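J.: Numbering (the numbering used here), first residue to last: 4 to 402. Every residue, glycine too, gets a C-beta built ideally from N, C-alpha and C. Note that this is a predicted model, so its numbers are computed, not measured. Here it is, the structure in full.
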Ligand code: SF4
């Protein structure tokens, strides 16, 4: 059965009809925020900073939950996907990155198109999306990526290819002496369906210069996504927080993303995730606590009034926080995943062997209704987890 992704109508009108919890009603800042949204307004950056610093977590999450409810009711979306990284060799050395390797490192790898396809083969018939990002390979040009996408589509035409961060697009364009537009057009023709949005980090150049020197500037990130949107390639967007940014930097990040969305409209989902500590990379990182992670997810929902989906990225925040997040404004969980390197190289211990049933159960146990979606949020199917097998009552000896 297919269902609509929205509960119907205007979410702001729906929001006006939801019973207001006391934790929101009794807090002047939260109730003012709610009124602003119901009246069609946008939450200003300074109000966002105030909410971040001063609101009580139960009230903030209750407000974010109301907004999620007004868009999607009790539905929480997930997809069945696989992460395949094309290469871990990278010409850059972002300070937070535990994934990249130099070309001569013993663990360095670069997948041929055949190897890429063989990684997908065991999941054929189960997944409907491959999520493929990687480092900036010093030799590869557009031909290598085109071959990967074309071969993938020849073998698995039903699998949607969500691939390339903005900096990869920029690198491929520069290595191939093409414009960004021409690069994306050719990759789209080869089978690229959407961009995952990774690499946004914090869209404030003074911070980028300190944590990911050499990466595209904030405006370039936005331009690459805007061109993708113009070409009909939907994208996601991300935010890496808990490095060295301030609360105001986070608000700037929200603000420029929603301003871009007003114009180009192709961001389907926002994925906020924290930097994972490992004591060697970025020792000056401020690191986000569990409470702060939930606070940022709730604020993503409140501030990003024009990006429909907010994702709880379980590969990064783990299953416990993900199940709290879907009651704090997030409406989407990524995903069954199958295999993941970037967050696990950085210290994540989240299980990658979730199937549809386990993920559905996680959502149900959080009191929400699981809905399987496709990669581009255009098809939806409600799913129930299978009942757990109850252990049989043993006969009492002697009876
Ligand atoms: S984050 Fe991406 S661009 Fe930066 S070093 Fe890692 S792989 Fe390279």
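Near residue 225, which residues of its chain fall below 6 Å by C-beta distance, leaving aside the five closest residues on each side in sequence?
T.: 263
J.: Please confirm whether any heavy atom of ligand 1 lies closer than 7 Å to the CB of residue 138.
T.: yes
J.: Does DSSP put residue 173 in a helix, a strand or coil?
T.: helix
J.: Near residue 72, which residues of its chain fall below 7 Å by C-beta distance, leaving aside the five closest residues on each side in sequence?
T.: The beta carbon of residue 72 lies closer than 7 Å to those of 21 in the same chain, with the five residues before and after it left out.
J.: Going by C-alpha distance, which of 316, 158, 16 and 257 is nearest residue 279?
T.: 316
J.: Measuring straight from C-alpha to C-alpha, what distance separates residue 56 and residue 68?
T.: 19 Å
J.: When you compare the CB positions of residue 81 and residue 390, do they come within less than 8 Å of one another, or not?
T.: no
J.: Taking all protein chains shown into account, decide if residue 38 is buried (16 or more other Cβ within 10 angstroms of its Cβ) or exposed.
T.: exposed
J.: Excluding five sequence neighbours on each side, which residues of the same chain lie with their C-beta closer than 8 Å to the C-beta of residue 211?
T.: 204, 205, 218, 220 and 221.
J.: Return the first residue and the last residue of the alpha helix (DSSP H) that residue 156 is part of.
T.: 145 to 158
J.: Taking only the alpha-carbon atoms, compute the straight-line gap between residue 377 and residue 45 and give it to the nearest angstrom.
T.: Across the structure, residue 377 and residue 45 are spaced so that their CA atoms are roughly 30 Å apart.
J.: Any idea if residue 5 is buried or exposed, counting beta-carbon neighbours within 10 angstroms, 16 or more meaning buried?
T.: Residue placement at residue 5 is poorly supported in this model, since its pLDDT is 40, which falls under 50; the coordinates are not used for a value here.
J.: For the region 111 to 127 against the region 82 to 93, do three or more pairs of beta-carbon atoms, one drawn from each stretch, fall closer than 8 Å, so that the two count as touching?
T.: yes
J.: How is the alpha helix (DSSP H) around residue 56 delimited, first residue to last?
T.: That run of the alpha helix (DSSP H) goes 48 to 57.
J.: Closest to residue 170 by CA distance: which of 75, 58, 97 and 14 is it?
T.: 97
J.: Between residue 314 and ligand 1, is there a pair consisting of the residue's CB and a ligand heavy atom that are separated by less than 7 Å?
T.: No, since every heavy atom of ligand 1 falls outside the 7 Å radius drawn around the Cβ of residue 314.
J.: Would you mind sorting residue 79 into buried or exposed? The rule is 16 or more other CB atoms within 10 Å of its CB.
T.: buried
J.: Using 8 Å as the limit for Cβ to Cβ distance, is residue 94 near chain C?
T.: Looking at the structure shown, chain C is missing, and only one protein chain is on hand.
J.: In its own chain, which residues sit with a C-beta less than 7 Å from the C-beta of residue 187, not counting the 5 before and 5 after it?
T.: 172, 230, 231, 234 and 236
J.: Could you have a look at residue 247 and say whether DSSP puts it in helix, strand or coil?
T.: Annotated three-state conformation of residue 247 is coil, per DSSP.
J.: Alpha carbon to alpha carbon, what distance is there between residue 361 and residue 179?
T.: The straight-line gap from Cα to Cα measures roughly 43 Å.
J.: Could you pull the start and end residues of the beta strand (DSSP E) that residue 276 belongs to?
T.: Under the DSSP assignment, residue 276 falls in the beta strand (DSSP E) whose first and last residues are 270 to 277.
J.: Does residue 318 pass the burial test, meaning 16 or more other C-beta atoms within 10 Å, or should it be called exposed?
T.: By the neighbour-count rule (16 or more Cβ atoms within 10 Å), residue 318 is buried.
J.: How close, in whole Å, do the beta carbons of residue 313 and residue 281 come, if the pair is a contact with beta carbons under 8 Å?
T.: Between the beta-carbon of residue 313 and that of residue 281 there is about 27 Å, and that puts the pair past the 8 Å contact cut.
J.: I'd like to check one pair, residue 149 with residue 193: are the Cβ atoms closer than 8 Å?
T.: yes
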